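Residue numbers (my numbering): 675 to 1087. We put the CB at the ideal spot given by N, CA and C, even for glycine. In this text, all values refer to a predicted model and were calculated from it rather than measured experimentally. Below is one structure, written out as structure tokens; comments come after it.
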Ligand code: F3S
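Here you go:
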């Protein structure tokens, strides 16, 4: 692998031990993946900011790096932590566990990481531009910035993201190269579906696409319009049920103005028709409606935007969450502050819902709640929470989720 003179000097230790070690890791990764060179990045995003992911090993690694004077070289943000920093007691987090997460936060602060604590850093202080090379982890964020913004990042593993942050580089392979960004599998929406595409079909379609393509690049044809939040929900679901890191929606995402452009000028590969039946089947798999009380409702995965907070407030205005049900809304501190100024937080909290700021159901230890049944509008929650929270999951529209929180029961939307 070709290294510049500056990179060779880093490997010789000229910039300090943390950078030397980080570049060594990246060079080994690049060699294993066939990279010919490094590419400089504009920003990094770290997934091992959460104690649930980093564990004690993370604390040891970060402590050693801080002692050695490690500082991030590019704009770097943190993924959700494992606690609601301002109110972890309300979520029954054990005190010693919270203390470990706070320790990680202190160490990341010392390295210069911006404490966004969010899976949607692009709604805060880490907003890439088209064509930027990045060193990001967090599957839902990676797929969003690749697909919706047209930035370029592989789906980095925990700690490799930190190596990228410390050196400002990543090995140039995978989605950094235009030839690997071509669409490979084309999904054609049936015409009746395309004209009547409900909001909750986006995570369902993402889930279906991820199951089929794995880590290939899917192309979606037939949608006329998609909002920021719908693209976010689609991508997060596809990255959870599969490992999609880039998708194209013809006429909607920036590298797919036409089918030809989405496929990089090559003939499209496999074509798969999708109709209402396929979507109904996948929604059953994501979490079929069954009788019984609802313990917890999870919305805001990926972290809610200001538009979603407005929508939640309007759906909850004048309503009351059922006394046996928890309604938790996940978001980041930047959106929370703005939503507070705009009165949405007051409306949401007056209804009895709680804000999970800087974390989510999936990242937080929830054993003390003994939840058995969760309702969600998120494809990513539907995929992970049966394992992480240990609940049976019901997938529903946002409106049906809020209705379930109010009645304490799931009802088909
Ligand atoms: Fe974000 Fe947690 Fe969902 S990290 S994408 S809210 S599972």
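* Asked: Whole-angstrom Cβ separation of residue 1030 and residue 1004, contact assumed at under 8 Å?
  -> 5 Å between Cβ atoms; contact.
* Spell out a yes or no on whether the stretch 1008 to 1019 and the stretch 1033 to 1041 are touching, meaning 3 or more CB-CB pairs, one atom from each, closer than 8 Å. => Because the criterion of three Cβ pairs below 8 Å is not met, the stretch 1008 to 1019 and the stretch 1033 to 1041 do not touch.
* Asked: Does the beta-carbon distance from residue 877 to residue 911 come in below 9 Å?
  -> Their beta carbons are under 9 Å apart, which means residue 877 touches residue 911 by this criterion.
* To do: Look at the Cβ atom of residue 788, then the Cβ atom of residue 752, and state whether they are nearer than 9 Å.
  => With contacts defined as CB atoms closer than 9 Å, residue 788 and residue 752 qualify as a contacting pair.
* Does the Cβ of residue 754 lie closer than 8 Å to at least one heavy atom of ligand 1? -> yes
* To do: Would you grab the beta carbon distance between residue 796 and residue 819 for me? Rounded to a whole angstrom, and I think it's under 8 Å.
  => 6 Å
* To do: Kindly examine ligand 1 and report whether one of its heavy atoms sits closer than 8 Å to the Cβ of residue 976.
  => Checking every heavy atom of ligand 1 against the Cβ of residue 976, one is found closer than 8 Å.
* Asked: Hey, residue 900 and residue 817 are a contact pair by Cβ (cut 8 Å); roughly how many whole angstroms apart?
  -> Rounded, the Cβ-Cβ distance is 14 Å, inconsistent with contact.
* Asked: Thinking just about the alpha-carbon of each residue, which of 922, 1022, 754 and 1078 is nearest to the one in residue 1088?
  -> The shown model of the chain, from 675 to 1087, leaves out residue 1088, and the question about it has no answer.
* My guess is that residue 824 and residue 805 are in contact by the Cβ rule of under 8 Å, so how many angstroms apart are they, rounded? -> 6 Å
* Are the Cβ atoms of residue 971 and residue 1049 separated by less than 9 Å? -> Yes.
* ligand 3 heavy atom lying under 8 Å from the CB of residue 1054 -> With respect to ligand 3, the structure shown offers nothing to examine, as its ligands consist of ligand 1.
* **residue 1010 CB to nearest heavy atom of ligand 1 below 8 Å** => no
* **Option nearest residue 803 by Cα separation, candidates 923, 997, 826 and 782** => 826
* Asked: If we call anything under 9 Å between Cβ atoms a contact, is residue 758 one with residue 1033?
  -> yes
* **When 960, 719 and 1043 are compared against residue 831, the one with the closest alpha-carbon** => 719
* Comparing alpha-carbon positions, which option in 773, 694 and 978 lies nearest residue 739? -> 694
* Between the Cα of residue 743 and the Cα atoms of 838, 696, 798 and 690, which residue gives the shortest distance? -> 690
* Burial state of residue 906 (16 or more Cβ within 10 Å) -> buried
* Would the beta-carbon of residue 1100 be found less than 8 Å away from any heavy atom of ligand 1? -> The question about residue 1100 has no answer here: the residues shown for the chain are numbered 675 through 1087.
* Taking DSSP as the reference, what is the three-state secondary structure of residue 715? -> Three-state result, residue 715: coil.
* Spell out a yes or no on whether the stretch 878 to 891 and the stretch 1022 to 1029 are touching, meaning 3 or more CB-CB pairs, one atom from each, closer than 8 Å. => no
* Considering only C-alpha positions, which residue in the set 857, 855 and 729 is nearest to residue 770? -> Minimum Cα-Cα distance from residue 770 among the listed residues 857, 855 and 729 corresponds to 729.
* Under 8 Å by Cβ, that's how I've got residue 943 and residue 858 pegged, so tell me the actual separation to the nearest angstrom. => 5 Å
* Select from 749, 814, 845 and 1046 the residue whose C-alpha is nearest the C-alpha of residue 705. => 845
* Element boundaries [alpha helix (DSSP H), containing residue 957] -> Where residue 957 is concerned, the enclosing alpha helix (DSSP H) stretches over 950 to 961.
* To do: Report yes if the CB atom of residue 1068 is closer than 9 Å to the CB atom of residue 963, and no otherwise.
  => Contact flag set, yes.
* State buried or exposed for residue 975, treating a residue as buried only when at least 16 other CB atoms are found within 10 Å of its CB. => buried
* Roughly how many angstroms separate the alpha carbons of residue 883 and residue 866, rounded to a whole number? -> 19 Å
* **Burial state of residue 686, where buried means 16 or more other Cβ atoms lie within 10 Å** => exposed
* Asked: Based on the DSSP secondary-structure assignment, which residues constitute the bridge partners of residue 1066?
  -> BP columns for residue 1066 point to 1047.
* To do: Specify, as a first and last residue, the run of the beta strand (DSSP E) that residue 894 falls within.
  => Looking at the DSSP string, the run of the beta strand (DSSP E) that includes residue 894 is 892 to 895.
* Please say whether residue 711 and residue 675 have beta carbons closer to each other than 9 Å? => yes
* Below 7 Å CB to CB, which residues in the same chain sit around residue 1084 once its five sequence neighbours on both sides are set aside? => 963, 968, 1049, 1068, 1070 and 1078
* To do: Under the assumption that residue 862 contacts residue 896 (Cβ atoms under 8 Å), give the Cβ distance between them as a whole number of angstroms.
  => About 6 Å; that satisfies the 8 Å criterion.
* Buried or exposed: where does residue 947 fall if 16 or more other Cβ atoms within 10 Å of its Cβ makes it buried? -> exposed
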